[in-house]
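Chemist:
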Amino acid sequence: EPEVTQTPSHQVTQMGQEVILRCVPISNHLYFYWYRQILGQKVEFLVSFYNNEISEKSEIFDDQFSVERPDGSNFTLKIRSTKLEDSAMYFCASKEGRVSLTDTQYFGPGTRLTVL
Amino acid sequence: DAKTTQPNSMESNEEEPVHLPCNHSTISGTDYIHWYRQLPSQGPEYVIHGLTSNVNNRMASLAIAEDRKSSTLILHRATLRDAAVYYCIFPGGTSYGKLTFGQGTILTVHP
């Protein structure tokens, strides 16, 4: 069964450093998402991406964040200057996009980001 | 954001049925009700979705109230692997399909 993959599984970085989290969505999917989950808290939406542009973003997704689909398979989340509060589990998700109200989102296993 | 209400936690014994309730009184007529779950240390995974009729798949059943203000996820025979946080979600009008997760229901399954 096709699945969403994410690398790395765990990223440790120093405060102020840039990090790039990578995702490979399911190949025929058209909509891509990033969510995050701070330890012990709920899953939070960050951004959705369709047709090579951001379609929706949350208040969390400020100028320090950016997303890109550099080729036909990868979808990346960049944090330019990490803060301690960026420490969280980051999940990538994708969906096929044929019917917006019923499409299932498929989530990756997540990248645990630790900012020291 | 679309609002749902679920109990914080529920417990079950292995091989017994589990009924997980969700209230969604502000749902519109075209909103589908989606259920996802998150196993420990994993990403959320889709369980089931429905609009008006009761729905069944290999994982679970979804019973939707006639007025659509509530629904119940039914696990017919809980296993230890079903221990997870269960989320009831409806997109609430966004066309790009973002999911707004609440706290969900923590399901504990006892051997």
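If you're matching them up, the sequences are chains A and B in order.
The opening position of the first sequence corresponds to residue 188 in this note's numbering, with each subsequent residue numbered one higher.
The opening position of the second sequence corresponds to residue 78 in this note's numbering, with each subsequent residue numbered one higher.
We put the CB at the ideal spot given by N, CA and C, even for glycine.
#1: Beta carbon of G295 of chain A, beta carbon of C279 of chain A: below 7 Å?
#2: Residues in its own chain within less than 7 Å of T129 of chain B by CB, not counting five upstream and five downstream?
#3: Can you grab the Cα-Cα spacing for the pair G120 of chain B / Y163 of chain B, in whole Å?
#4: Considering only the alpha carbon of each residue, which of A:I247, A:F236, A:V254 and A:I241 lies closest to A275 of chain A?
#5: Taking the straight line between their C-alpha atoms, what separation do you get for S242 of chain A and A155 of chain B?
#6: Check the Cβ of D249 of chain A against every Cβ in chain B and list those closer than 8 Å, keeping chain order.
#7: Does any residue of chain A have a CB that is nearer than 7 Å to the CB of G106 of chain B?
#8: Within 10 angstroms of the Cβ of R158 of chain B, are there 16 or more other Cβ atoms? Answer buried if so, exposed if not.
#9: Thinking E205 of chain A and I266 of chain A are a contact (beta carbons under 8 Å), I'd like their distance in whole angstroms, please.
Modeler: Looking at the coordinates:
#1: Counting from 1 along the first sequence, the entry for residue 295 of chain A is found at position 108. Counting from 1 along the first sequence, the entry for residue 279 of chain A is found at position 92. Yes. Within cutoff.
#2: Counting from 1 along the second sequence, the entry for residue 129 of chain B is found at position 52. Cβ within range, chain order: I141 and R145.
#3: Within the second sequence, the letter at position 43 stands for residue 120 of chain B. Within the second sequence, the letter at position 86 stands for residue 163 of chain B. About 12 Å.
#4: Here residue 275 of chain A refers to the residue found at position 88 when the first sequence is read from its first residue. Checking every option, the nearest Cα to that of A275 of chain A belongs to A:I247.
#5: The residue given as residue 242 of chain A occupies position 55 in the first sequence. The residue given as residue 155 of chain B occupies position 78 in the second sequence. Roughly 39 Å separates the two Cα atoms.
#6: Along the first sequence, one-based indexing puts residue 249 of chain A at 62. Within 8 Å Cβ-Cβ: nothing; D249 of chain A doesn't reach chain B, min ~17 Å.
#7: Locating residue 106 of chain B in the second sequence gives position 29, where the first residue counts as 1. Not one chain A Cβ lies under 7 Å of G106 of chain B.
#8: Position 81 of the second sequence, counted from the start, is the residue given in the question as residue 158 of chain B. So R158 of chain B ends up on the exposed side.
#9: Locating residue 205 of chain A in the first sequence gives position 18, where the first residue counts as 1. Locating residue 266 of chain A in the first sequence gives position 79, where the first residue counts as 1. Contact flag correct, Cβ pair sits at about 7 Å.
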